[in-house]
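In this note's numbering, the protein residues as written are 119 to 220.
Glycine is no exception: its CB is placed at the ideal position from the N, C-alpha and C atoms.
Written below as structure tokens is the structure these notes are about.
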Amino acid sequence: MHKVGVVGDKDSILAFKALGIDVYPVIEIEEARKAIDKMALDNYAVIFVTEQIAQHLDETIKRYNRQMLPAVILIPSNQGSLNIGMQRIRDNVEKAVGVNIL
């Protein structure tokens, strides 16, 4: 059975716990990297990562993007969006369709 988890600062991800999603609050970037790697080994299918954390984990996220699972999805934090996640969606749609339809 696959699981869903979220990595980010405590204030941004605590609400996910009410939805039954495993939360991994982190402060340091290295903590986030270790949490993502551990979740990937523990059979997580989807890992949500706040954009503020993800902007420092480019290599780790790219490594998992080359694999089928887990899917690493970037989400805005409580501080707002950096538009990194939306840009990734635009890039993937353009790659799949051949033109930016968004």
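- For the 8 Å CB-CB criterion, V164 and I154 do not form a contact.
- Membership of I131 in any beta strand (DSSP E) is not indicated; the residue belongs instead to the alpha helix (DSSP H) covering K128 to I131.
- Excluding residues up to 5 positions away in sequence, N161 lie with their Cβ nearer than 8 Å to the Cβ of M119 in the same chain.
- Going by C-alpha positions, I179 is about 16 Å away from E146.
- Going by C-alpha positions, E149 is about 10 Å away from K156.
- In terms of Cα proximity to L159, the closest of L175, P188, P194 and L192 is P188.
- A straight-line Cα-Cα distance of about 5 Å links E169 and P194.
- Here the alpha carbon of G216 sits roughly 22 Å from the alpha carbon of Q185.
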